[in-house]
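For the sequence shown, our numbering assigns the number 1 to the initial residue and increments by one for each residue that follows.
Contents: one structure, followed by commentary.
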Amino acid sequence: MSPARPFDDERVPRRRRVERVGDLLPEAARALGLEEQLRWARAAAAWDRLVLAAVPAAAGGSRPIRLERDGTLLVEASAPIVGQELLMRADELLVTYAEMADGIRAEALRVVVGRGIIR
Numbered sequence: 001m002s003p004a005r006p007f008d009d010e011r012v013p014r015r016r017r018v019e020r021v022g023d024l025l026p027e028a029a030r031a032l033g034l035e036e037q038l039r040w041a042r043a044a045a046a047w048d049r050l051v052l053a054a055v056p057a058a059a060g061g062s063r064p065i066r067l068e069r070d071g072t073l074l075v076e077a078s079a080p081i082v083g084q085e086l087l088m089r090a091d092e093l094l095v096t097y098a099e100m101a102d103g104i105r106a107e108a109l110r111v112v113v114g115r116g117i118i119r
């Protein structure tokens, strides 16, 4: 009797088609009721990429907090100068953000620094 080769052994699992984790996340989020949180996480990542490309001096210094009912995107900035840079380019940022952020469309930008509102 010859020894069994690993590929002939029924205990060796067959390889399944490789899937990217990013492709599985929407289905898993839907099943867990976390669809909106996933959408917002992707929108936050889009904001980071957008600021890096459009306002490099402000990269890493801001994050979207929420989209308010009146269509205003509330963004937290790490310093007043970062907030001012974002506000100076608000129109451009909002147009590009709508294209990148999974359909999140904001009409206006409001920036807060710590607890003080810049605009």
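Using N, Cα and C, we set each Cβ at its ideal position, and we do this for glycine too.
With burial defined as no fewer than 16 other Cβ atoms inside 10 Å of the residue's Cβ, what is the status of V113: buried or exposed? Counting from one through the sequence shown, the residue named residue 113 turns up at place 113. So V113 ends up on the buried side.
Is the distance from the Cβ of G83 to the Cβ of A106 below 7 angstroms? Taking the first residue of the sequence shown as position 1, residue 83 is located at position 83. Taking the first residue of the sequence shown as position 1, residue 106 is located at position 106. Not a contact, by the Cβ cut-off of 7 angstroms.
So, helix, strand or coil for V51, using DSSP? To locate residue 51, count along the sequence shown from 1; it is residue 51. In the structure shown, V51 sits in a helix (DSSP, three-state: H, G or I).
Whole alpha helix (DSSP H) elements within the stretch 33-89, 4-residue minimum: The qualifying runs are 35-54, 80-88.
Beta strand (DSSP E) containing V111: first to last residue? Counting from one through the sequence shown, the residue named residue 111 turns up at place 111. Judged by DSSP secondary structure, V111 falls within the beta strand (DSSP E) whose first and last residues are 108-113.
Which of the three DSSP states is assigned to D91 in this structure? Residue numbering aside, residue 91 sits at position 91 when the sequence shown is read from its first letter. Three-state result, D91: helix.
Classification of E85 by the beta-carbon crowding that lies within 10 angstroms, buried from 16 upward: Locating residue 85 in the sequence shown gives position 85, counting from the first residue. That one is buried.
Can you tell me the Cα-Cα spacing of E92 and Q37, whole angstroms? Looking up residue 92 in the sequence shown gives position 92. Looking up residue 37 in the sequence shown gives position 37. Counting only the Cα atoms, Q37 lies some 26 angstroms from E92.
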